[in-house]
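Student: Numbered as in my numbering, the sequence shown ends at 992 without a single skipped number. C-beta atoms are modelled at their ideal positions from N, C-alpha and C, and glycine is treated no differently. As the structure is a computational prediction, the values presented were derived from the model and not from experiment.
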Amino acid sequence: MEASPELLERARTGDKSAMETVLASVAPSVHRFALRMCRNAADADDVLQDALLAVATHLKEFEGRSSLSSWAFMLTRTACSRRRRGFENKPKQSDEALAHEHDDAPGPEEHTASRELGAKVEVALGALPEDYREVLLLRDAEGLTAPEAAGVLGVSVDAVKSRLHRARAALRDALRPVLEPGAGPRHAGCPDVVLALSKKLEDDLDANACAEMEKHVSTCPSCGRTCDALRDALRACRESEGPALTPEIEARVRDAVSAWVNASR
């Protein structure tokens with residue numbers, strides 16, 4: 728949930744309670760993004776702390792041209808970059824642990840298939856190049872618009888979309904043994920349905936091309952499975968969310984507010 732302009736203004740003027748509410752509104756998604764980018768829970772916690780303090784310290788500079796969450800992601804990405812050298816010397820957390828880091832509600836007997844797919848998607852995401860992983864997380868997991876993701880990454884919208892198409896294709900390839908077991912090679916006459924579907928998701932596929940793709944998919948079981956696999960993978964990216972605000976994240980919010988208050992004195 729985005730903080731209201733009134734709440735932001737109160738926080739900018741030094742209202743401690745308002746600042747805590749602002750930071751709490753972005754903290755869960757910031758932590759999730761940091762965890763999936765850092766691949767190490769301890770480093771993700773440190774990045775969360777750095778990012779929250781950066782939000783508090785620089786809130787007066789936030790002009791509202793983008794959403795607060797996308798601005799927070801930009802600061803988080805900067806915090807991740809600053810700690811990059813340290814990440815290289817620390818062990819990555821296991822993919823299974825990362826997949827269940829924020830899995831709080833249903834027991835293992837519920838939503839088993841969905842959870843298993845989510846765990847496999849986390850493994851596949853972790854194996855992707857960093858620039859692919861971050862654009863997938865911003866667009867397909869956190870739901871930023873293409874312009875917002877472009878702002879976070881410091882590239883053009885066209886560059887975001889081009890990178891996103893390649894990243895989605897790479898994610899589908901990584902998950903092919905799981906989502907398309909026994910699938911053979913693509914037929915020579917088949918179009919690139921992964922690229923076409925990705926463009927459709929970005930509203931960049933014209934009506935004629937869209938109709939042609941849908942007609943082909945309806946008559947080609949192989950391409951139909953491929954499209955379903957990509958949709959399932961992206962759905963798993965979106966649904967892999969944790970609780971709104973854990974006690975641990977609340978503690979990080981309070982720590983950031985305290986550090987902000989002390990620095991402001």
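Check whether the segment 892 to 907 touches the segment 787 to 805, taking contact to mean three or more Cβ pairs, one atom from each stretch, closer than 8 angstroms.
Tutor: Result no; under three Cβ-Cβ pairs closer than 8 angstroms.
Student: Glutamate 836 by DSSP, collapsed to three states: which one?
Tutor: Residue placement at glutamate 836 is flagged as unreliable, the pLDDT there being 44, under the threshold of 50; the coordinate-derived value follows with that caveat. In the structure shown, glutamate 836 sits in coil (DSSP, three-state: anything other than H, G, I, E or B).
Student: Going by DSSP in three states, arginine 730 sits in which element: helix, strand or coil?
Tutor: Correcting the residue type first, residue 730 is alanine in the shown sequence and not arginine. In the structure shown, alanine 730 sits in coil (DSSP, three-state: anything other than H, G, I, E or B).
Student: Please return the same chain residues whose Cβ sits closer than 8 angstroms to the Cβ of methionine 940, not counting the five positions on each side in sequence.
Tutor: Hits under 8 angstroms: Pro918, Val920, Ala923, Leu924, Lys927, Leu932.
Student: Does the beta-carbon of serine 793 have 16 or more other beta-carbons within 10 angstroms, so that it is buried, or is it exposed?
Tutor: By the 10 Å Cβ count, serine 793 comes out buried.
Student: Do three or more CB pairs link the segment 774 to 783 to the segment 857 to 869 at distances below 8 angstroms?
Tutor: At 8 angstroms Cβ cutoff, the stretches do not touch.
Student: Taking the C-alpha atoms as reference points, what is the distance between valine 753 and leucine 902?
Tutor: Approximately 30 angstroms, taken between the alpha carbons.
Student: Relative to the C-alpha of alanine 851, which residue among Ala897, Val882, Ala910 is closest?
Tutor: Comparing Cα positions, the closest option is Ala897.
Student: Quick check: what's the CA-CA separation for phenylalanine 760 versus cysteine 950?
Tutor: Cα to Cα, the separation comes out at about 32 angstroms.
Student: What does the alpha-carbon distance come out to for the pair glycine 741 and asparagine 767?
Tutor: Those two C-alpha atoms are separated by around 33 angstroms.
Student: So what does DSSP say about valine 882, is it helix, strand or coil?
Tutor: Coil at valine 882, not helix or strand.
Student: Can you tell me which of the three DSSP states asparagine 989 falls into?
Tutor: Reduced to three states, the DSSP call for asparagine 989 is helix.
Student: Note down the Cα distance separating histidine 758 from alanine 915, rounded to an integer number of angstroms.
Tutor: Those two C-alpha atoms are separated by around 44 angstroms.
Student: Taking a contact to mean a Cβ-Cβ separation below 9 angstroms, would you say leucine 734 touches valine 984 in this structure?
Tutor: No, Cβ-Cβ distance for leucine 734 and valine 984 is not below 9 angstroms.
Student: Could you check which residue in Glu869, Arg979, Cys964 has the C-alpha nearest to that of tryptophan 798?
Tutor: Ranking Glu869, Arg979, Cys964 by Cα distance to tryptophan 798 puts Glu869 first.
Student: Helix, strand or coil, according to DSSP, for serine 793 in the structure here?
Tutor: Coil.
Student: Between valine 774 and the rest of its own chain, which residues show a CB-CB distance below 7 angstroms, the 5 nearest in sequence each way excluded?
Tutor: Excluding sequence neighbours, valine 774 sits near Ala761, Cys765, Thr803, Ala806, Cys807, Arg810.
Student: Can serine 796 and leucine 871 be called in contact, C-beta distance under 9 angstroms?
Tutor: Contact flag set, yes.
Student: Smallest Cα separation from arginine 992: which of Lys743, Pro732, Arg737, Arg962?
Tutor: Closest option to arginine 992, Cα to Cα, is Lys743.
Student: Using 10 angstroms around the beta-carbon of alanine 730, count the other beta-carbons present and answer buried if the total reaches 16, otherwise exposed.
Tutor: Label assigned to alanine 730: buried.
Student: From proline 755 to threonine 946, what does the alpha carbon distance come to, in whole angstroms?
Tutor: Their Cα atoms are separated by approximately 43 angstroms.
Student: Determine the DSSP secondary structure at histidine 914, reduced to helix, strand or coil.
Tutor: Three-state DSSP puts histidine 914 in coil, outside helix and strand.
Student: Using beta carbons (cut-off 9 angstroms, strictly below), is alanine 978 in contact with chain C?
Tutor: You won't find chain C in this structure, because it holds only one protein chain.
Student: Less than 9 angstroms between the beta carbons of alanine 963 and leucine 855, yes or no?
Tutor: No, Cβ-Cβ distance for alanine 963 and leucine 855 is not below 9 angstroms.
Student: Rounded to whole angstroms, what's the CA-CA distance from alanine 944 to arginine 913? Just pull it up for me.
Tutor: The sequence shown places valine at residue 944, rather than the alanine named in the question. Distance between the alpha carbons of valine 944 and arginine 913 is about 13 angstroms.
Student: Which residues mark the beginning and the end of the alpha helix (DSSP H) in which leucine 957 is found?
Tutor: Run containing leucine 957: 948 to 966, per the alpha helix (DSSP H) assignment.
Student: Distance, Cα to Cα, glutamate 929 vs methionine 801?
Tutor: If you take the alpha carbons of glutamate 929 and methionine 801, they lie about 21 angstroms apart.
Student: Could you name the residues of the same chain whose beta carbon sits closer than 7 angstroms to that of alanine 745, not counting the 5 residues immediately before and after it, in chain order?
Tutor: Leu734, Arg737, Ala738.
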